[in-house]
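Here is the structure we will look at.
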Amino acid sequence: MALFDDNIRTQLTHILDGVKNEVNVVFFSQEIECESCSDAHQFVDEICDLNPKLKMHRYNLVTDAEKAAEYNIDRVPAVVMLDQDNKDTNIRFFGVPGGYEINSFLGALLEVSGERQDLPEEILERIRKIDKDIHIQVFVTMSCPHCPGAVITAHRLALENSKIKADMIEANTFVPLSIKYNVSGVPKIVINEVHELLGDQPITAFLDIIEKI
Amino acid sequence: MDFNLSSSLFVGEQKFNTFEPQKTYDVIIIGGGPAGMTAAVYCLRKGMTTGLITRQVGGQMAETAGIENYLGYRYINGLELADKFHDQVLQFGIDFENDANVTDIKDGLIKEVHLDNGRIFKARTLIITSGKLSRKLNVPGEKELTGKGVAYCAICDAPFYKNKKVVVAGGGNAGVGAALDLARIATHVTIVQRRDRLIADQVLSDKLKHYENVELLLGHVVKEVVGEHHVAAVRVENRETGELLEIPADGIFVEVGSIPNSELAHGLLELNDKNEIIVDEFCKTSKPGIFAAGDVTDVPYKQIIIACGEGSKAALSATDYILSNPNF
Ligand SMILES: Cc1cc2nc3c(=O)[nH]c(=O)nc-3n(C[C@H](O)[C@H](O)[C@H](O)COP(=O)(O)OP(=O)(O)OC[C@H]3O[C@@H](n4cnc5c(N)ncnc54)[C@H](O)[C@@H]3O)c2cc1C
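Those sequence lines, one after another, are chains A and F.
Using this note's numbering, the letters of the first sequence correspond one by one to residues 78 to 290.
Using this note's numbering, the letters of the second sequence correspond one by one to residues 352 to 679.
Okay, structure coming up:
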């Protein structure tokens, strides 16, 4: 059975009409011990089917270990987004981006394709100046209305500066990880393992922390 | 699997215009919840030059999981309804400012709206529809343990309380709704309610009876949230006897009502003792040309359908004000 009904499919097609350049969507899964992998696969597959500019590439975490290492993937389901030239944008989705999170997934596709809203010049300037390796992890649940905002902001930072990596992590899919970072409320934003933000924070709040690292 | 698609996130900028500082608008609406968006549709259809400034689209409605009392939809997700409203507003080509925070308004024949980023916009009339924000408990431990067991969004955070014990502070619709969400997941839910009965709609309270793991603690108030790195217990007080009780809990969901976003009107408009903007039956405030509608006002009962009705009324009053004012 299809994940998306006709109504959502029509809306999705309309939104994805905005895709400018090709996007390479790299999907990792594994056969066993991954409850959500088949849903995630179907999700990515059905979305990429809606627009010929969206190219899906499927790999197995175990049998394609080389690819997994290349993109630094150690858990599944995972999505890596590459631009039209197969350049890694450092945007990752771990877990199914269902529920409210479909919005951050669509947002990432559009932004990677080159369809971006302008950011104020002073913000861009601050992002460009970041020269340390930054890793942003945004923990979400699918039923959280404020979460996509935080994910979209983190991913945007990654797009603007290759020093920055940004992950969406569905907290219930990766319980040990959520426990490791004491996640009991979402969105929870963890920057370079130790710095924390809670809620759909503005981009300036991310930058305030990053600049102090 | 459900998908809460928010198509308005992806509308191209061509659908609305950005604000123009040199323009004098017929009306500027402050707040993009149900009241503000309904007001916008009415103003635009009347041909008023209209601008809408808001922090976020949809207001509290966009954060509601399911709405069952907005007629025309037996059940609709709040974000979806907010999207439909937004779509209907954008069809007219409105001047729209999202992610913007109004800090101050200045009265006069031409009124000024000041934003926190220093920009100023001008209008002949204003409609304030800035709604409400959820209230905090303001007790020791709350701030320190926010995100560490103190939670404000049951639909977001309920999944973390699987097989755990939680407290819900508040026995209104939001509190009982949160308790119902949690009862399916947690081992035990204690509702702490200040009054001696629940004040939620009967249909909601009735649903509680299906859960044996929900306990009611009426006539009690939360005094403290206890815990070192994470919530461990909630200290409550019996309002009658003053007796203190400690409820062991892994989390507390705060649903104790809300406070009006009326700071921008402080010192300018008459407010009641709850800081709500006082309006008459035409949505007029204490200053001519400034109207208000929805949850930010002293109109009783805070509901989407009421906010919409009030928003439309404020728009029609603002139109009348301009048409009948010889200065314009
Ligand atoms: C959890 C929950 C569940 C609910 N369920 C229901 C339900 O099932 N049915 C129902 O009818 N009602 C329900 N309600 C109530 C309903 O959501 C509100 O009555 C309604 O949203 C009020 O609309 P409003 O436009 O007056 O204000 P709001 O919805 O509060 O919108 C105000 C808007 O103004 C913006 N704003 C505020 N201050 C500023 C500022 N200074 N500058 C710029 N923008 C500003 C805000 O960001 C927001 O977008 C629920 C509320 C909650 C919290």
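Glycine included, C-beta positions come from ideal geometry on N, C-alpha and C.
Problem - Proximal chain A residues relative to residue 497 of chain F, where beta-carbon distance stays under 8 Å - result: Neighbourhood of residue 497 of chain F in chain A, by CB distance below 8 Å: 262 and 275, in chain order.
Handout entry: Unbroken stretches of the beta strand (DSSP E), 3 residues or longer, contained in the segment 213-275 of chain A
Key = Entirely contained in the segment 213-275 of chain A, the beta strand (DSSP E) runs reaching 3 residues are, in chain order, 241-247, 265-268 and 272-275.
Exercise for the section: Check each residue of the segment 473-506 of chain F: if its Cβ is closer than 9 Å to any Cβ of chain A, include it; give the result in chain order. Expected result: Those residues of the segment 473-506 of chain F that come within reach of chain A (Cβ to Cβ, closer than 9 Å) are 497, 498, 499, 500, 501, 502, 503, 504 and 506.
Exercise for the section: Give the DSSP-derived three-state secondary structure of residue 515 of chain F in the structure shown. Expected result: In this structure, DSSP gives residue 515 of chain F a state outside helix and strand, which the three-state scheme calls coil.
Practice task
Would you tell me roughly how many angstroms separate the C-alpha atoms of residue 270 of chain A and residue 576 of chain F, rounded to the nearest one?
Solution key: Pairing residue 270 of chain A with residue 576 of chain F, the inter-Cα distance amounts to about 27 Å.
Exercise for the section: State the CB to CB distance for the pair residue 370 of chain F and residue 436 of chain F, rounded to an integer number of angstroms; the pair is presumed to be in contact (CB under 8 Å). Expected result: Not quite, the Cβ-Cβ distance comes to about 20 Å (not below 8 Å), so this is no contact.
Problem - Boundaries of the beta strand (DSSP E) in which residue 525 of chain F is found, first to last residue - result: Element bounds for residue 525 of chain F: not the beta strand (DSSP E) but the alpha helix (DSSP H), 524-534.
Practice task
Output the boundary residues of the alpha helix (DSSP H) element that contains residue 388 of chain F.
Solution key: Where residue 388 of chain F is concerned, the enclosing alpha helix (DSSP H) starts and stops at 385-396.
Exercise for the section: Examine ligand 1 and report whether any of its heavy atoms sits within less than 7 Å of the Cβ of residue 385 of chain F. Expected result: Under cutoff, so the answer is yes.
Problem - Listed by chain order, chain D residues near residue 357 of chain F by CB distance under 8 Å - result: Of the protein chains in this structure, namely A and F, none is chain D.
Practice task
Consider the Cβ of residue 619 of chain F: report whether some Cβ of chain A lies at a distance smaller than 8 Å.
Solution key: Output row for residue 619 of chain F: interface = no.
Problem - Under 8 Å from the C-beta of residue 602 of chain F: neighbouring residues of chain A - result: Per Cβ cutoff of 8 Å: 261.
Handout entry: Simplified DSSP assignment, three categories, for residue 447 of chain F
Key = In the structure shown, the three-state DSSP call for residue 447 of chain F is strand.
Practice task
Please confirm whether any heavy atom of ligand 1 lies closer than 7 Å to the CB of residue 401 of chain F.
Solution key: With a cutoff of 7 Å, residue 401 of chain F does not count as near ligand 1, since its C-beta is closer than that to no heavy atom of the ligand.
Handout entry: For residue 485 of chain F: DSSP bridge partner residues
Key = Paired residue(s): F:609.
Handout entry: Presumed contact (8 Å Cβ cut-off) between residue 527 of chain F and residue 549 of chain F, rounded CB distance
Key = That belief holds up - the Cβ atoms of residue 527 of chain F and residue 549 of chain F are roughly 6 Å apart, short of 8 Å.
Problem - For residue 538 of chain F and residue 564 of chain F, believed in contact at Cβ under 8 Å, the rounded distance - result: Between the beta-carbon of residue 564 of chain F and that of residue 538 of chain F there is about 6 Å, and that keeps the pair under the 8 Å contact cut.
Exercise for the section: Can you give me the start and stop residues for the beta strand (DSSP E) that residue 402 of chain F sits inside? Expected result: Its beta strand (DSSP E) spans residues 401-408.
Handout entry: Every unbroken beta strand (DSSP E) within the segment 538-604 of chain F, with a cutoff of 3 residues, ordered by chain
Key = Taking only runs of at least 3 residues, the beta strand (DSSP E) segments lying wholly in the segment 538-604 of chain F are 539-544, 565-569, 571-577, 584-589 and 595-599.
Handout entry: Bridge-paired residues (DSSP) for residue 477 of chain F
Key = BP columns for residue 477 of chain F point to F:379 and F:641.
Exercise for the section: Please compile the residues from chain F whose C-beta is within a distance smaller than 8 Å of the C-beta of residue 116 of chain A. Expected result: Within chain F, the residues placing a beta-carbon under 8 Å from that of residue 116 of chain A are 352, ordered along the chain.
Practice task
Using a threshold of 8 Å, state whether the C-beta atoms of residue 412 of chain F and residue 385 of chain F are closer than that.
Solution key: Contact: yes.
Handout entry: Per DSSP, cross-strand counterpart(s) of residue 465 of chain F
Key = F:455 and F:471, per the DSSP bridge assignment.
Handout entry: residue 364 of chain F to residue 599 of chain F span [Cα, whole Å]
Key = In this prediction, residue 364 of chain F scores a pLDDT of 48, lower than 50, which makes its location untrustworthy; the coordinate-derived value is nonetheless stated afterwards. In a straight line, the C-alpha of residue 364 of chain F is about 51 Å away from that of residue 599 of chain F.
Handout entry: Own chain partners of residue 678 of chain F with C-beta closer than 8 Å, once the 5 adjacent residues on each side are dropped
Key = In the same chain as residue 678 of chain F, and ignoring 5 residues on each side of it, the C-beta atoms closer than 8 Å to its own belong to 460, in chain order.
Exercise for the section: Determine the direct distance from the alpha carbon of residue 134 of chain A to that of residue 515 of chain F, and round the result to whole angstroms. Expected result: C-alpha separation (whole angstroms): 40 Å.
Practice task
Ignore the nearest five residues each way along the sequence and tell me which others in residue 95 of chain A's own chain have a CB closer than 7 Å to its CB.
Solution key: Short of 7 Å from the beta carbon of residue 95 of chain A, and not among the five residues preceding or following it, lie these beta carbons of its own chain, in chain order: 187 and 192.
Handout entry: Amino acids of chain F, ordered along the chain, whose beta-carbon sits closer than 7 Å to that of residue 88 of chain A
Key = The contacting residues are 356 and 358.
Practice task
Note down the Cα distance separating residue 125 of chain A from residue 132 of chain A, rounded to an integer number of angstroms.
Solution key: Going from the Cα of residue 125 of chain A to the Cα of residue 132 of chain A covers about 6 Å.
Problem - C-alpha gap between residue 102 of chain A and residue 513 of chain F, whole angstroms - result: Between residue 102 of chain A and residue 513 of chain F, the C-alpha separation is close to 33 Å.
Exercise for the section: Would you please verify whether the beta carbon of residue 249 of chain A is less than 8 Å from any beta carbon of chain F? Expected result: With respect to chain F, the C-beta atom of residue 249 of chain A has a partner C-beta closer than 8 Å.
Handout entry: Contacting positions in the segment 430-445 of chain F - beta carbon closer than 9 Å to chain A
Key = Within the segment 430-445 of chain F, the residues whose Cβ lies closer than 9 Å to some Cβ of chain A are 430, listed in chain order.
Problem - Residue of F:631, F:667 and F:621 minimising C-alpha distance to residue 394 of chain F - result: Checking every option, the nearest Cα to that of residue 394 of chain F belongs to F:667.
Exercise for the section: Measure the C-alpha to C-alpha separation of residue 111 of chain A and residue 137 of chain A and round it to an integer number of angstroms. Expected result: One C-alpha to the other measures close to 12 Å.
Handout entry: For residue 203 of chain A, the first and last residue of its enclosing alpha helix (DSSP H)
Key = Per DSSP, the continuous alpha helix (DSSP H) segment holding residue 203 of chain A begins and ends at 198-205.
Practice task
Mind checking which residues open and close the alpha helix (DSSP H) that includes residue 187 of chain A?
Solution key: Counting along the chain, the alpha helix (DSSP H) containing residue 187 of chain A begins and ends at 179-189.
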